[in-house]
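Chains as they are written, first to last, in the numbering used here: chain V, 10 to 175; chain E, 128 to 968.
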């Protein structure tokens, strides 16, 4: 598998970790926030791995950007599903990755929260200029992306490219 | 949160992760704390004894230094030397005798003292009477102090009289605290202290009588003890004088405390090894609960070393907490239990908090924690980001070889530390090998048990609870190995103790009286022997009588060289030995090699030597042995090697000389008699009246005293085993807690299949009970084997399986496992199946 011109196949687990740290942000269906860390600490984590000295300032700014500036000291268990996914989103973009991978990001959310989170993902993607790879079963959501690749039984079943303005 | 947080990221992750609290590490902390506490406790007591003995060394010894002579007083030259080096010299004499009141006789260890006694410390008496007053030479009758046990045996109180030999003494007070008791050797009877002047007319200290004199010296403060010892040895070589000083006031006690201390610390280490099983399991389950976090960290860019470091730091924090708890317990317990410990020790003890034993325990704790956590920790590197999507991927597989090397090094360091710090490297290495082997045997036994259960379970019909229990024991991932491992070692030690103890008791209670004599008589003067033998011969209740001349001497040289150079520290060289002479090969003695001398032999002195001891010492026929008797060297050639049977507690000498070698030296005779119990009193009274200087020692009393000493050793070992067992129990609780979720699911499935709560409970109980009983049975089998080895190979006694102790061990194992298991069976019984099974889907 090639990503950003690099073959990921032969990379070790550590090399993959370094690749993700530099180039990728991931949003999961079930958030996967670290339960013993506050929202701020969760978001700062990728920057801390990268050795950024201003990790917490940048994390705070991105939490502000997702509308959670007032929840920085809260733990995941103290937040709603929508809030947790917004923290996860801030964490995914805080290091300004070139690729943003979102795996069913709205799967565990109700319709209203799901829509809000999706708006946010697309806004952040547009703002930071990252490539968003969205995995979803929701055709409506998929239609908001510039290209849709359909998978069936592990194979590509269709590929639709849209105009960015569409 | 500031940007200036420059701590390594692993430390930050560790700190945040620990916010979840240490509740899930309870078993880890408890296992570690128990192991560390027992080692710290034993080490603290050992140190307290050392400090106590050093502080009161002069009191225990009775002086700054002591010169000891075997059945003679110091001569003019020796007295002059002592006066030269000391500021004061106190003379005491120590021997066994019979204290008599009317028809009541009791064996006592007599100490005759001068007016300076005690040179240091104070004698505690009831009522309070200073020794100077009690032993006042102007009194009409000499006074005495007596151990309350002996006074009670003789039924006398202060003011009453009793007789030693031919002299009457007035009991002035009861001796509650004998200051120099710790420095005395093994005593068969309770103590009586009398003035030396009172013994002059007692007829008890005739030439050849078994007594020793002790000259206690008060030395100037700047005295160089080592130098003085050298001077004494240089000035009086080959006179059989033994020097002791405050550097080691009670070598016997010190050696005993050292050995038992080292042994108990090693038992503590065995406990730590059992705890290690729990530590390892606890860390594994802790890390398994963290797999999602680790995988998430992976997706955020964490490398293996950062993850390892983050969890290593957490384990270190838990280790620090466990060790701190263990040290606090280990330091506090001896201080809290001080009155109990002090009452059981014959020497002063300074119970306080000592850093050295605590540091030692902490070191063992750190090493054990690292050894048992490294394996699961190393496997955190196997957790991949993909684990977030696939359940079951996690802490499996063999760690990297580098970790395995570190594991081997750490284990080596632990064994090395134990060998170095316990002061008994040989014992430590044996215990380490033993524990390692025992754990391996138990692990294999656990696997066999699992495989057995798997095979048997399908053949059980119409008993679903039993079948479910056996199936659970036989299933992959069952508790079988961990239960057998955690309970097995403690039960094994207890089972071994049980087998050895039961066999020794049986030997003493049942077998020995059939072969052992009833009484020993010592100090029979040569001219009393004809009368003594005549009295015995005329007594129809006596089935057998043996007698022999008795001298005591120190084996000093072998073939003209110092004996220690040839035979090292063999026990035959330690202190003085009983010697005898005989014209003919004594009864019950077998000739192994060489030839016995002719009855009228009159050539150069010859001797026979016990064959087994000769072989151990590396000597044989033709070698020349020099013994020092009463300050005189006697050299004889080994002409015969003999087979001596010590097991019947009768007369047995390592060395028997040709008569011409010893007959000229002053000596007495000893005799053993085999007599019907009902006739004992009459004979004792007859002999006591006719020969008051003769001491009668009841063999049963002597054996009881030895078995008492053995019993306290067994009690100490059992205590160590109990701590190991307690640790094992904690490990079991940990295992049961870890299996809670699986049991909840199992109960839910069984309920949907129609099982009642009672059926499920029975199945859980059977499973726990079976596993505990199986651990007990394995421990009993191993204990029987170890017991057999100890009894037949080390003690050269016979072995018979002791069923009572075995049943108790098996029942104990079952009960412990049942308690741990059932404690966690109630929640699974209470939950409703629907939500559980729905969540599983």
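All C-beta atoms in this analysis are idealised placements derived from N, C-alpha and C, irrespective of residue type, glycine included.
Keep in mind it's a predicted model, so treat the numbers as computed, not measured.
{"Query": "Contact with chain E by residue 116(V), beta-carbon distance below 9 Å", "Result": "no"}
{"Query": "Under the three-state DSSP convention, the category residue 225(E) falls into", "Result": "strand"}
{"Query": "Residue 759(E), DSSP secondary structure in three states", "Result": "strand"}
{"Query": "Same chain, Cβ closer than 7 Å to residue 813(E), five either side skipped, listed in chain order", "Result": "662"}
{"Query": "Contacting positions in the stretch 132-161 of chain E - beta carbon closer than 9 Å to chain V", "Result": "132, 133, 136, 139, 140, 143, 144, 145, 146 and 147"}
{"Query": "Helix, strand or coil at residue 341(E) according to DSSP, with G and I counted as helix", "Result": "strand"}
{"Query": "Min CB distance residue 425(E) to chain V below 9 Å", "Result": "yes"}
{"Query": "Cutoff 9 Å: residue 420(E) Cβ touching any chain V Cβ", "Result": "yes"}
{"Query": "Minimum Cβ-Cβ distance from residue 128(E) to chain V less than 9 Å", "Result": "Residue placement at residue 128(E) is flagged as unreliable, the pLDDT there being 48, under the threshold of 50; the coordinate-derived value follows with that caveat. With 9 Å as the cut-off, residue 128(E) counts as an interface residue toward chain V."}
{"Query": "For residue 736(E): DSSP bridge partner residues", "Result": "768(E) and 782(E)"}
{"Query": "The stretch 203-220 of chain E / the stretch 266-281 of chain E touching (three or more Cβ pairs under 8 Å)", "Result": "no"}
{"Query": "Pair within 9 Å by beta-carbon distance, residue 185(E) and residue 376(E)", "Result": "yes"}
{"Query": "Chain-ordered chain E contacts of residue 30(V) [CB-CB under 9 Å]", "Result": "427, 428, 429 and 430"}
{"Query": "Neighbourhood of residue 382(E) by C-beta, 6 Å cutoff - its chain only, sequence neighbours within 5 removed", "Result": "none"}
{"Query": "Residue-chain proximity (residue 78(V), chain E), Cβ-Cβ < 9 Å", "Result": "no"}
{"Query": "Nearest neighbour of residue 204(E), chosen from 553(E), 481(E), 359(E) and 509(E) [CA to CA]", "Result": "359(E)"}
{"Query": "Residues near residue 158(V) by beta carbon distance below 7 Å, same chain, minus five either side", "Result": "165 and 168"}
{"Query": "Short Cβ contact (9 Å threshold) for residue 396(E) with residue 167(E)", "Result": "no"}
{"Query": "Coarse secondary structure for residue 40(V), derived from DSSP in three states", "Result": "coil"}
{"Query": "Under 8 Å by beta carbon: chain V residues contacting residue 515(E)", "Result": "37 and 41"}
{"Query": "Cutoff 9 Å: residue 968(E) Cβ touching any chain V Cβ", "Result": "Residue confidence for residue 968(E) is low, a pLDDT of 44 falling below 50, so the modelled location carries little weight; the figure read from the coordinates is stated next. For residue 968(E), the answer is no, since every Cβ of chain V falls outside 9 Å of its Cβ."}
{"Query": "Minimum C-alpha distance to residue 654(E) - residue among 177(E), 635(E), 460(E) and 794(E)", "Result": "794(E)"}
{"Query": "Minimum length 3: unbroken beta strand (DSSP E) runs contained in the stretch 234-260 of chain E", "Result": "251-253"}
{"Query": "Alpha helix (DSSP H) runs wholly inside the stretch 585-634 of chain E, at least 4 long, in chain order", "Result": "591-601 and 607-633"}
{"Query": "Rounded separation between residue 374(E) and residue 344(E) - CA only", "Result": "14 Å"}
{"Query": "Inter-stretch contact (C-beta, 8 Å, three-pair minimum) for the stretch 363-373 of chain E and the stretch 317-336 of chain E", "Result": "no"}
{"Query": "Element boundaries [alpha helix (DSSP H), containing residue 538(E)]", "Result": "528-548"}
{"Query": "Chain V contact for residue 511(E) (CB, 9 Å cutoff)", "Result": "yes"}
{"Query": "Within 9 Å, strictly: CB atoms of residue 855(E) and residue 945(E)", "Result": "no"}
{"Query": "Bridge-paired residues (DSSP) for residue 378(E)", "Result": "Beta-bridge pairing links residue 378(E) to no other residue."}
{"Query": "Residue 221(E) burial status per 10 Å Cβ neighbour count (16 or more: buried)", "Result": "buried"}
{"Query": "Alpha carbon of residue 678(E) to alpha carbon of residue 658(E), nearest angstrom", "Result": "21 Å"}
{"Query": "Cross-chain neighbours of residue 59(V) in chain E, by beta carbon under 8 Å", "Result": "428"}
{"Query": "Residue 596(E) vs residue 137(E) beta-carbon contact at 9 Å", "Result": "no"}
{"Query": "Rounded straight-line distance, which links the Cα of residue 170(V) to that of residue 1031(E)", "Result": "Residue 1031(E) falls outside the range modelled here, since chain E spans only 128 to 968, and no answer is possible."}
{"Query": "Bridge-paired residues (DSSP) for residue 796(E)", "Result": "651(E) and 676(E)"}
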